[in-house]
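Chemist: Numbering (the numbering used here), first residue to last: 167 to 564.
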Amino acid sequence: MNCEDFPMLKQNLIYFDNGATTLKPKCVIEGINEYYNSYSANAHRGDYSISQKVDSMYEGVREKIKNFIHAKESSEIVFTSGTTDGLNRIVFGYFKNHLKENDEVLITESEHASNVLPWFVLEKEIGIKVKYIPLNENHEVTMENVKRSITKNTKVISLAYITNVIGDIRPMREIIDYAHQKNILVVGDGAQSISHLKTDVTLDDIDFFVTSAHKMYGPTGIGFLYGKFSLLNEMEPTTYGGGMNAMYLENGYMELREVPTKFEAGTQNIAGVIGMGCAIDYLEKIGINKIMQHEHHLKEYLVNKLKQLDNIIIYNETTPGSIVTFNVKDIFSQDTAVYLDKHNICIRSGNHCSKILNQVFSVSNTCRISFGVYNTEKEIDYLIEVIKNIGNIWQEIL
Numbered sequence: 167m168n169c170e171d172f173p174m175l176k177q178n179l180i181y182f183d184n185g186a187t188t189l190k191p192k193c194v195i196e197g198i199n200e201y202y203n204s205y206s207a208n209a210h211r212g213d214y215s216i217s218q219k220v221d222s223m224y225e226g227v228r229e230k231i232k233n234f235i236h237a238k239e240s241s242e243i244v245f246t247s248g249t250t251d252g253l254n255r256i257v258f259g260y261f262k263n264h265l266k267e268n269d270e271v272l273i274t275e276s277e278h279a280s281n282v283l284p285w286f287v288l289e290k291e292i293g294i295k296v297k298y299i300p301l302n303e304n305h306e307v308t309m310e311n312v313k314r315s316i317t318k319n320t321k322v323i324s325l326a327y328i329t330n331v332i333g334d335i336r337p338m339r340e341i342i343d344y345a346h347q348k349n350i351l352v353v354g355d356g357a358q359s360i361s362h363l364k365t366d367v368t369l370d371d372i373d374f375f376v377t378s379a380h381k382m383y384g385p386t387g388i389g390f391l392y393g394k395f396s397l398l399n400e401m402e403p404t405t406y407g408g409g410m411n412a413m414y415l416e417n418g419y420m421e422l423r424e425v426p427t428k429f430e431a432g433t434q435n436i437a438g439v440i441g442m443g444c445a446i447d448y449l450e451k452i453g454i455n456k457i458m459q460h461e462h463h464l465k466e467y468l469v470n471k472l473k474q475l476d477n478i479i480i481y482n483e484t485t486p487g488s489i490v491t492f493n494v495k496d497i498f499s500q501d502t503a504v505y506l507d508k509h510n511i512c513i514r515s516g517n518h519c520s521k522i523l524n525q526v527f528s529v530s531n532t533c534r535i536s537f538g539v540y541n542t543e544k545e546i547d548y549l550i551e552v553i554k555n556i557g558n559i560w561q562e563i564l
């Protein structure tokens, strides 16, 4: 599906590592090139025509994001360098000033490092407690376990909508509704969900939501943070400089600009913002529901093929996300990845930035296949044939 839109696929390449980053369609590349070739001025800095065009394009993407995730106001969208940056801004710009010693933050053992490490730092700095919602036998989050994990000290629940190893889709709307009844704020990591699952931050009533453009067929180094306006208004910037201040005096007095400008100090990744807008246009042209159906079919197809092989261990057979985590028996995951690369097949191997989850799997490294719009059954068929011949691995990779 849509393979012709991706210049990278002109090579003899099968790309199954979309959970790490997606390939870029021509429209995204062309949008970025047009900025650099035709109107490469700064944003919010000039009174000449090309600078004003940059302003229009830059703020136009903020409006596109608002519509794409169904936010109420474009001012609730803050440009970041990606999901990691967004989560750090939320933890250190908001929660560091609103949590106190012994307040509890609930995460899970299957969260990405970016949704774990900042909370660990806050635990050391101000004495909060990081607690874990237990996973069920399929390594998934259930409402029952969420409810059992909440105490009178729980102030925050911070979860990925879809995890990057298990591929489970969390019941976020139910979690948020229940959390709000207990006056608990909810942070949503949308890195793995943004191009696979329709996002509606207003309907979900999520408090904060973050994601990266490079997970949704856009450029690297850019993403966005959504926050309810009332929360953003109370959040402190984590970076200070030009563009985000209204005034400052030699005695140290300063006034910051309004949300969201006060969070965007310095020259932003303008080309990245424009490319992200092109990626949103691309996704909306295809339709998220169509993408979901395509990827779900591919996952079922792959799982069924792998189950016919007697040397494969699948760790997330039943989860609905477009991720398949597996190992070839008696072969280290990185060796499998190197072997597949010899046949121009790109997969991820390792711990996938979820090192705590190793304790759940009782295995330190796995192989991961994650699908995108351009993947096909034919590619899966070729993968299976290559794996069938993996007995030749040492002759090929040594």
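C-beta atoms are modelled at their ideal positions from N, C-alpha and C, and glycine is treated no differently.
Please read all numbers here as calculations on a predicted model, not as lab measurements.
My guess is that residue 129 and residue 316 are in contact by the Cβ rule of under 8 Å, so how many angstroms apart are they, rounded?
Modeler: Here the chain comprises residues numbered 167 to 564, so residue 129 is not present and cannot be evaluated.
Chemist: Per DSSP, what kind of secondary structure is residue 159 in: helix, strand or coil?
Modeler: Limits of the chain in this structure are 167 at one end and 564 at the other, which puts residue 159 out of reach.
Chemist: With contact counted as at least three CB pairs below 8 Å, one residue from each stretch, are the stretch 198-214 and the stretch 437-444 in contact?
Modeler: Yes: the two stretches touch, three or more of their Cβ pairs being nearer than 8 Å.
Chemist: Could you give the residue range of the alpha helix (DSSP H) that holds residue 413?
Modeler: Element bounds for residue 413: not the alpha helix (DSSP H) but the beta strand (DSSP E), 411-414.
Chemist: If you draw a straight line from the alpha carbon of residue 259 to that of residue 402, how long is it in whole angstroms?
Modeler: 5 Å
Chemist: In whole angstroms, give me the CA-to-CA distance for residue 212 and residue 295.
Modeler: 47 Å
Chemist: Excluding the 5 residues preceding and the 5 following residue 135 in the sequence, name in chain order all residues of the same chain whose CB lies nearer than 6 Å to its CB.
Modeler: Given that the chain is displayed from residue 167 to residue 564, the structure contains no residue 135 and the question cannot be resolved.
Chemist: Between the alpha carbons of residue 501 and residue 554, how many angstroms are there, rounded?
Modeler: 15 Å
Chemist: Does residue 149 pass the burial test, meaning 16 or more other C-beta atoms within 10 Å, or should it be called exposed?
Modeler: Since the first residue shown for the chain is 167 and the last is 564, residue 149 is missing from the structure and cannot be characterised.
Chemist: What are the partner residues of residue 245, as DSSP defines its beta bridges?
Modeler: 390
Chemist: State the Cα-Cα distance for the pair residue 340 and residue 417, rounded to the nearest angstrom.
Modeler: 50 Å
Chemist: Assuming residue 193 and residue 448 are in contact, meaning their beta carbons sit under 8 Å apart, how far apart are those beta carbons, in whole angstroms?
Modeler: 6 Å
Chemist: Keeping to the same chain, check which residues put their C-beta closer than 7 Å to that of residue 360; ignore five residues upstream and five downstream.
Modeler: Closer than 7 Å at the Cβ level, and outside the excluded window around residue 360, lie 377, 381, 382.
Chemist: Just curious, the beta strand (DSSP E) that residue 273 is in, first and last residue?
Modeler: 270-273
Chemist: Under a three-way DSSP split, which group does residue 293 fall into?
Modeler: Three-state result, residue 293: coil.
Chemist: Please report how far the alpha carbon of residue 456 lies from the alpha carbon of residue 546, in whole angstroms.
Modeler: 19 Å
Chemist: Can you list, in chain order, the residues of its chain whose CB lies under 6 Å from that of residue 421, leaving out five sequence neighbours each side?
Modeler: 412, 413
Chemist: Going by C-alpha distance, which of 427, 327, 307 is nearest residue 611?
Modeler: Since the first residue of the chain shown is 167 and the last is 564, residue 611 is not available in this structure.
Chemist: Hey, how far is the Cα of residue 397 from the Cα of residue 238?
Modeler: 14 Å
Chemist: Rounded to the nearest angstrom, what separates residue 264 and residue 321 at their Cα positions?
Modeler: Going from the Cα of residue 264 to the Cα of residue 321 covers about 10 Å.
Chemist: Measuring only the C-alpha atoms, how far is residue 510 from residue 471?
Modeler: 20 Å
Chemist: Quick one: Cα of residue 252 to Cα of residue 244, how far?
Modeler: 9 Å
Chemist: Which residues in the same chain have their Cβ closer than 7 Å to the Cβ of residue 345, if we skip the five residues on either side of it in sequence?
Modeler: 323, 352
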